[in-house]
Each structure stands twice: as structure tokens, then as C-alpha cells.
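> I'd like to ask you about the structure that follows.
In the numbering used here, the protein residues as written are 176 to 582.
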């Protein structure tokens, strides 16, 4: 009996010793309440690396490009030369022609770099289309991966505006009718035509244009100087961005217009870092573009559409403003302060400013377009039954009201 108890004791001691040795080899005591994650070695945390959406970009002077960064928190940005390109939360803007590096940093000290090349910018623009020559121009632009801006007039070829839009070109408005005696008959006539064109283009493209070019330019010698000043003053007030040009192909010359003539003129006139080039929808310009586009690229230009232009507009001073000071209005009145019309009927309200030679433009607004709409020339149309206020507002902020009941 004694021998049996002694043997059991020896076995128990041996088992306890073996268990203790096994525990020590695993790094210490083991308890059923301790999970493997509690006893595992802690891993060293490393900095998360920053990655950029692009490591090299090319953009024109005045053009912006969005760069995105991933990796870590609190990304900060810097440019190696802010005179070449600036960066704000990843939005890079080309300031001057040249090269620099944009860097993104995170809190852990990791960074990533993007090489930035800023080039000269050319805005190719085409007036007076669309017509049968427009597809020829679009074909050359597509072959060269160039997007241009087209200022269109009313024609039977407006379906080409859909192709322009789908191809990445910008559709702007020139005028409804290019006849000066019509479009500049009054300062309302031009914007009445612009409104009609905006609706027609939107039907084809699904986008309402807000880029315009005045027939003959802001500085044209055809319209009455005071009237043209009012037209020019109305553009921004009505939500339109107006653009003249800095270089021209001279393709309206009756005696010498040709592809060679366009090429020669553009080579002579495109010398600045930013150029807005005026051309027209003519068949020989499609041929000229096959030389013009490669030439301008060799000169360091990239091509953009005018919606990318860094300023709101680019216009040349009118003939009026070169000789006279602008005259703000002191008051405005509507001849018909109240009116009644039926649904579907129209009336035209007339407004007058004081002084009569004010350079202000008058824009019209409806307090409820579901009841009555008003056109740029003051023409009001009843839409549904109700009461509405129609406002005449000058560029200087003077306002008059007519109360219209639609019955």
C-alpha cells in the first residue's frame, strides 16, 4: 500500500514538473482566461504611404486640374514653385508656363510627388455655324483630339450641335439672326434672340448654353455705341459669359480667304501665352486646321474650351466706353403697373430708365414662372391662373414692378 501511494506521488510530481516546463517554453503561465491575442507580440505600426491619382500632369496657363491623394489622414499640399502652379486641397492651377513639383504629405511623414508642366493655352473658336462645313471641322478636331468652342446662329443644321456636344466641344450662342439691323435693333432684340437660341440648343444637347459672342464683337462698328454698351452691360447680369477674341484667321476677307490665308494669319497672331482664336465654319478651315493644330502644339499650346477660361469673360472695351463714362440709372418705371391676361396670351411691358442715356441694361424677372413667364424684351405670357409680379431691374439695382393677373 505504501509503495502504491509513493508511486502515485512520484507520477504527480513528474506531471506537474513537465507542465511547468511547457508553460515556461511558451513565455510564462497560461490561464484559461487569457486569449492568444493578449499574449502575442505587439506589431510595430508603420506609416501609411501616400498615393496620388496622377504622378505627372500637363495643363494650360490659367487652367485647373484636380489631384486626389489617398493614404493617412490630414493630407497637406505644397508646390515647389507657386509662380508656375499653385495648389489648394489638390486643385492645381497653372499660373505661368514652366515646370514644378506638387507634393502631398500626411501626418505620418509619408509623401508623394506629381510633376506639373504648365503650357500655353489656345481656345479655338468658330462662328456663324452650323452649316454643311461644320462636320468637316468636327472630323479634323476629333482626329487631333482637340475640343473647340462653336458660337452658333439659327439654321437648319442645328442638329450638328448634338455632335459638337457629344464630341466634347462647347456650344455657345452667337445670335438668332446675324443681320445687324435685326439683332441690334434694340438692346432687348439681341437677348431675345439669345433666349430663343438657348432653348433650341438645349433641345439638341440637353445643356443650356451660357457662353455668348456678340456679332462683330463687343467693339463692333455697326451698332449704336450706347446701345452696344447696354448690351455688353447686360451679359453678366443675365448670367451669360461673353467672349471676344485675341487672334483671328482673317477668313472673312472676300478677296483672299483661303486655307493658306488662315494658316498665315494664325501663325502671325498667336504669340501670347493665352490666345482666343476666331475662325468660321468654312470648308477651307477644315483643311487649314490640319496644319494649324500641329503648328500650335509645336509652339507649346494645349487646347481648351472657353468654359475653362479662368476669368468670367473676355471682352474688348466698347466704342462708347472708350470715349465716355458709364452712367448708372437713378430710377426705372414700367408704363403698365398692372394688367390682366388669359392663359396662353401675351403682353409686352415697357420700362424706362432715368436718365434716358443711362448705360444700364434692364432685365426682367417673374416672381412665379409657373403663373407667368417673361422674356428678355418684357414680353409676358400667362401660364396658369393666379397673380404674379413682373420686375424690371437695372444693372445698378433699381427696380419697378407690374402686377399681372392671369385669368
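Each residue gets a CB set at the ideal place from its N, CA and C atoms; glycine is no exception.
Roughly how many angstroms separate the alpha carbons of residue 450 and residue 470, rounded to a whole number?
14 angstroms
> Roughly how many angstroms separate the alpha carbons of residue 246 and residue 570, rounded to a whole number?
49 angstroms
> Measuring alpha carbon to alpha carbon, tell me which of 538, 318, 260 ends up nearest residue 468.
Per the C-alpha coordinates, the member of 538, 318, 260 positioned closest to residue 468 is 318.
> From the DSSP secondary-structure annotation, give me the bridge partner or partners of residue 539.
In the DSSP output, where bridge partners are listed per residue, residue 539 has 567.
> Would you kindly work out how many angstroms separate the C-alpha atoms of residue 577 and residue 547, rounded to a whole number?
Using only the alpha carbons, I get a separation of about 12 angstroms.
> Grouping DSSP H, G and I as helix and E and B as strand, with all else coil, what is residue 526?
strand
> Thinking C-beta only, is residue 269 closer than 7 angstroms to residue 235?
yes
> Relative to the C-alpha of residue 495, which candidate in 333, 341, 398 has its C-alpha closest?
Of 333, 341, 398, the residue nearest in Cα terms is 398.
> Quick check: the Cα distance between residue 358 and residue 405, rounded to an integer number of angstroms?
13 angstroms
> Please state the DSSP three-state secondary structure of residue 467.
Residue 467 falls in the helix class under three-state DSSP.
> Grab me the residues of residue 386's own chain with a C-beta within less than 6 angstroms of its C-beta, minus the 5 sequence neighbours each way, in chain order.
Contacts found: 347, 416, 481.
> Give me the DSSP bridge partner(s) of residue 290.
Answer by DSSP bridge pairing, in chain order: 231, 276.
> Less than 7 angstroms between the C-beta atoms of residue 366 and residue 551, yes or no?
For residue 366 and residue 551, yes; Cβs fall inside 7 angstroms.
> Please check the pair residue 388 and residue 302, which I expect to be a contact at CB under 8 angstroms, by giving their CB distance rounded to whole angstroms.
That pair is a contact at about 7 angstroms.
> Hey, how far is the Cα of residue 566 from the Cα of residue 574?
Using only the alpha carbons, I get a separation of about 7 angstroms.
> Tell me which residues share the same chain as residue 441 and place their Cβ nearer than 7 angstroms to its Cβ, disregarding the 5 neighbours each side in the sequence.
422, 424, 452, 467
> Is it the case that the Cβ atoms of residue 242 and residue 267 are separated by a distance below 7 angstroms?
Taking 7 angstroms as the Cβ cut-off, residue 242 and residue 267 qualify as a contacting pair.
> Going straight from the alpha carbon of residue 554 to that of residue 476, what length do you get?
If you take the alpha carbons of residue 554 and residue 476, they lie about 46 angstroms apart.
> Could you check whether residue 289 and residue 230 sit closer than 7 angstroms to each other, using their CB atoms as the reference points?
yes
> Helix, strand or coil for residue 387, going by three-state DSSP, please let me know.
strand
> Going by beta carbon distance, what residues of the same chain come within less than 8 angstroms of residue 261, once the five residues before and after it are set aside?
254, 267, 268, 270
> When you compare only the Cα positions, how much space is there between residue 486 and residue 418?
Between residue 486 and residue 418, the C-alpha separation is close to 10 angstroms.
> Report the option in 323, 492, 403, 224 whose CA atom is closest to the CA atom of residue 135.
The structure shown does not extend to residue 135, since the chain is modelled only from 176 to 582, so the question has no answer here.
> Since residue 351 contacts residue 368 with CB under 8 angstroms, what's their CB separation in whole angstroms?
3 angstroms
> Take the Cβ of residue 374 as the centre, count every other Cβ of all protein chains shown within 10 Å, and call the residue buried at 16 or more, exposed below.
So residue 374 counts as exposed.
> CA-CA distance, residue 296 and residue 447?
9 angstroms
> Keeping to the same chain, check which residues put their C-beta closer than 6 angstroms to that of residue 463; ignore five residues upstream and five downstream.
434, 437, 438
> Along the chain, where does the alpha helix (DSSP H) that runs through residue 312 open and close?
Start and end: 309-318.
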